[in-house]
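The listed protein sequences correspond, in order, to chains A and R.
Our numbering numbers the first residue of the first sequence as 122 and each following residue consecutively.
Our numbering numbers the first residue of the second sequence as 122 and each following residue consecutively.
This report concerns only the one structure given below.
Protein chains: 2
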Amino acid sequence: MISTIDAVLLRILDNQLQVLLWQRPAESEVFASHWALPGGWVYEDTDQTLEEATCRILENKVGLTPDYIEQVVTVGNNHRDPRGWSTTVLHLALIRTSISSITHSDTQWVNVENVLERRLLLPFDHALLLETALERLSTKARYSTLPLYLAEHELKLPELQRIYEIVLGNPLHKRAFRERILSANVLTDTGVRIQGRGSPATIYRYAPSCPVMLFDRMMQGAQTDLSD
Amino acid sequence: MISTIDAVLLRILDNQLQVLLWQRPAESEVFASHWALPGGWVYEDTDQTLEEATCRILENKVGLTPDYIEQVVTVGNNHRDPRGWSTTVLHLALIRTSISSITHSDTQWVNVENVLERRLLLPFDHALLLETALERLSTKARYSTLPLYLAEHELKLPELQRIYEIVLGNPLHKRAFRERILSANVLTDTGVRIQGRGSPATIYRYAPSCPVMLFDRMMQGAQTDLSD
DNA sequence: TCAATAGTGTCTCTAAGACACTATGAA
DNA sequence: TTCATAGTGTCTTAGAGACACTATTGA
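Encoded structure:
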């Protein structure tokens, strides 16, 4: 049995979700040189656990250490790989933009839209895997602080709201959003105020190791098109 | 690599959650004749998908076809099986009591408490797997109609409330519970009223194939000890 | 001065929680 | 008649959604 690990590693750039793709080696038996989700085999001799294997693959093949990794689902069947029965453990990984750029040369960040709208075709069932991981992210964004892992350690609330809106695909109410996030008690006011185009914004900080906090209501988002 | 599927199959009897255990063969290399979670290998020649393999294993080894099966997590590491690296895809399965009894002779239903309180020791990491599956069930019970799959197709609302309370481990408010469940529109009033000790209860019916409906608030349960 | 941005005040609405109440029928 | 059980009425509460408002500062 072919047994692999795949990762959907996401970041936010220019108000868009981007996924990291990895170029399959030119000597691959199938889909040679195609751009795919980064993945690899478990090395039973050196990896103690699946989690360890996932970290190793991301560090070695891609060169990144994401702030957050979560197992999404395991897909196994006899048609996803032309070579025969194949199983993959799919992971969702999030990284903040500021540390996302130093990757290996056989990788590139692409807007997820390009894959979703079939402008960029991925091998195997990787498009479906991407969709599954994105669905997990947007579902959790409705009731948790998970998208915080896409933000910098020091951030402005409007920035974080924008991240949520990108992940959810719809606008949010500024008032409700602020109350919600601040009530989770993961952000501390640094006291710094940053001046931009308008009124100065408060800079908050979150602990890199802070847990994902859960709310007990889902956010629906705004019906109207106003986010402020 | 040893790659298996395991299932936590649950039912409710006598106001208790029960899990189905399966006796490992006497000739097993490890944990021979021990009671364990039912599981088995994927047969790449005959199983088309992981889901198919899961159903086959439950039908062949146990003799049951659960109403609901969901993948929970995949656990892989080098210490869960004394023989070496081992991966298992854990599933949560629910079955209604009335069809749960005709099982193979090398199986038995036991109260989950016996495992959780270490009165009954399971081999490998099966106790941990059981806890993981139970946590998934109780988490989902807080915001979905999932526990309906533990109930009969025709049921009284107080019965269903009791099932939720067993799964959640705490009492619920009758008023809020009724509104919630009925608002999900999965139950239809059969018009039948059943008389028991007290006032006659309305019999509702759910479609065997009805989807798990999600609420957008979590149920907290009652602080006080009243459920009616 | 004006436009863009951050942030607050406050009203409504919905569903959960709290609790008392009525209705029914077996023991 | 009593009491266990099913089911309803209605108030409170918390938080999301709606929307208007003030405050600050760069262009």
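A virtual CB, placed ideally from N, CA and C, is assigned to each residue, including glycine.
Treat the numbers as computed from the prediction; the structure is a model and nothing was measured.
Just how far apart, CA to CA, sit E273 of chain R and G161 of chain R? Taking the straight line joining both Cα atoms gives about 29 Å.
Would you call the CB atoms of D310 of chain A and Y325 of chain A closer than 8 Å? The answer is yes: Cβ separation under 8 Å.
Does the beta carbon of L171 of chain A sit closer than 8 Å to a beta carbon anywhere in chain R? At least one chain R Cβ lies under 8 Å of L171 of chain A.
Counting only beta-carbon atoms, is S124 of chain A nearer than 8 Å to chain R? Residue contact with chain R for S124 of chain A: present (Cβ-Cβ distance below 8 Å to some residue of chain R).
How should T167 of chain A be labelled, buried or exposed, when 16 other C-beta atoms within 10 angstroms of its C-beta is the threshold for buried? Here T167 of chain A is exposed, its C-beta having fewer than 16 other C-beta atoms within 10 Å.
For G317 of chain A, count neighbouring Cβ atoms within 10 angstroms of its own Cβ and tell me buried if that reaches 16, exposed if not. Residue burial is scored here from C-beta neighbours: G317 of chain A has fewer than 16 other C-beta atoms within 10 angstroms and is therefore classed as exposed.
Does any CB atom of chain A fall closer than 8 Å to the CB of V333 of chain R? No, its Cβ sits nowhere closer than 8 Å to a Cβ of chain A.
Would you kindly work out how many angstroms separate the C-alpha atoms of D135 of chain A and L251 of chain A, rounded to a whole number? The alpha-carbon atoms of D135 of chain A and L251 of chain A are separated by roughly 20 Å.
How would you list, in chain order, the residues of chain R whose beta-carbon sits under 8 Å from the beta-carbon of V151 of chain A? Simply none; closest approach about 18 Å.
As a quick exercise: from A:A157, A:M339, A:F245 and A:I133, pick the residue whose alpha carbon is nearest that of D263 of chain A. Going by the sequence as given, residue 263 of chain A is Arg instead of Asp. If we check each option's Cα against that of R263 of chain A, A:M339 comes out closest.
With a floor of 3 residues, list each beta strand (DSSP E) that falls wholly inside the stretch 263 to 292 of chain R, ordered by position along the chain. Listed in chain order, they are 275 to 277.
Can you confirm whether R236 of chain A, when its beta carbon is compared against all beta carbons of chain R, has any partner nearer than 8 Å? The question names Arg, yet the displayed sequence has Val at residue 236 of chain A. Closer than 8 Å to the CB of V236 of chain A there is not a single CB belonging to chain R.
So that I know if they touch, is there some Cβ in chain R lying closer than 8 Å to that of G197 of chain A? Interface residue, yes.
Using a C-beta to C-beta distance shorter than 9 Å, which residues of chain R count as neighbours of V288 of chain A? The contact set of V288 of chain A on chain R, defined by CB atoms closer than 9 Å, is empty, because the minimum CB distance reaches about 17 Å.
Can you give me the C-alpha to C-alpha distance between V231 of chain R and V193 of chain A, rounded to a whole angstrom? Near 30 Å, if we compare the C-alpha coordinates of V193 of chain A and V231 of chain R.
In chain A, which residues lie with their C-beta within 7 Å of the C-beta of V129 of chain R? Residues of chain A passing the Cβ test: none, with the nearest at roughly 16 Å.
Name the chain A residues that come within less than 8 Å of D246 of chain R, Cβ to Cβ? Close partners of D246 of chain R in chain A (Cβ separation under 8 Å) are lacking, with about 12 Å as the shortest Cβ gap.
Measure the CB-CB distance between S259 of chain A and L289 of chain A and report whether it falls below 8 Å. Yes, they are a contact pair.
What does a CB cutoff of less than 6 Å around R296 of chain A pick up in its chain, not counting 5 residues either side in sequence? Here the set comprises nothing.
Using C-beta distances below 7 Å, list every residue in its chain close to V313 of chain R, excluding the 5 sequence neighbours before and after it, in chain order. Excluding sequence neighbours, V313 of chain R sits near I324.
Per the contact definition of three or more C-beta pairs closer than 8 Å, is the stretch 224 to 244 of chain A in contact with the stretch 215 to 232 of chain R? No, because fewer than three Cβ pairs between the stretch 215 to 232 of chain R and the stretch 224 to 244 of chain A fall closer than 8 Å, the two stretches do not touch.
Restricting to Cα atoms, I'd like to know which of A:Y327, A:I220 and A:R299 is closest to P279 of chain A. Selected option, being the one with the closest Cα: A:R299.
Examine chain R for any beta-carbon lying closer than 8 Å to the beta-carbon of E256 of chain A, and answer yes or no. Any Cβ of chain R closer than 8 Å to the Cβ of E256 of chain A would place that residue at the interface, and such an atom is absent.
Anticipated Cβ contact below 8 Å, T195 of chain A with T175 of chain A, distance rounded: Taking C-beta atoms under 8 Å as the contact rule, T195 of chain A and T175 of chain A fail to qualify, at a distance of about 13 Å.
Less than 8 Å between the CB atoms is what I'm expecting for A406 of chain R and L179 of chain R, so what's the real figure, rounded? Beyond the ends of chain R as shown, which are 122 and 349, falls residue 406 of chain R; an answer cannot be given.
Comparing alpha-carbon positions, which option in R:L335, R:G205 and R:I284 lies nearest K261 of chain R? Ranked by Cα distance from K261 of chain R, the options R:L335, R:G205 and R:I284 are led by R:L335.
Cα-Cα separation between E172 of chain R and H212 of chain R, rounded to whole angstroms: Rounded to whole angstroms, the gap between the alpha carbons of E172 of chain R and H212 of chain R is 10 Å.
Counting contacts by CB-CB distance shorter than 8 Å, is E165 of chain R in contact with chain A? It does; some Cβ of chain A falls within 8 Å.
If R132 of chain A and Q139 of chain A are in contact, beta carbons under 8 Å, what's the gap, nearest whole angstrom? Right, the Cβ-Cβ distance comes to about 5 Å (below 8 Å), so this counts as a contact.
Who pairs with W230 of chain A in a beta bridge, going by DSSP? The secondary-structure analysis by DSSP pairs W230 of chain A across a beta bridge with A:L141.
What in chain R is Cβ-close to R338 of chain A, meaning under 9 Å? For R338 of chain A, the neighbours in chain R by C-beta distance under 9 Å run, in chain order, D337, R338 and M339.
Figure out for me which residue from A:G342, A:E191, A:V129 and A:N306 has the closest Cα to the Cα of N291 of chain A. If we check each option's Cα against that of N291 of chain A, A:G342 comes out closest.
DSSP puts T323 of chain R in a beta bridge; with which residues? Per DSSP, R:R314.
Please report the Cβ distance between A305 of chain R and T266 of chain R, rounded to the nearest whole angstrom; I am assuming they are in contact, meaning their Cβ atoms lie under 8 Å. In this structure A305 of chain R touches T266 of chain R by the C-beta definition: roughly 5 Å separates them, less than 8 Å.
Whose C-alpha, out of A:E234, A:S221 and A:Y164, is nearest the C-alpha of V183 of chain A? Relative to V183 of chain A, the option among A:E234, A:S221 and A:Y164 whose CA is nearest is A:S221.
Integer-rounded CB distance, given that V236 of chain A should sit under 8 Å from A248 of chain A: Yes, A248 of chain A and V236 of chain A are in contact; Cβ-Cβ is about 6 Å, under 8 Å.
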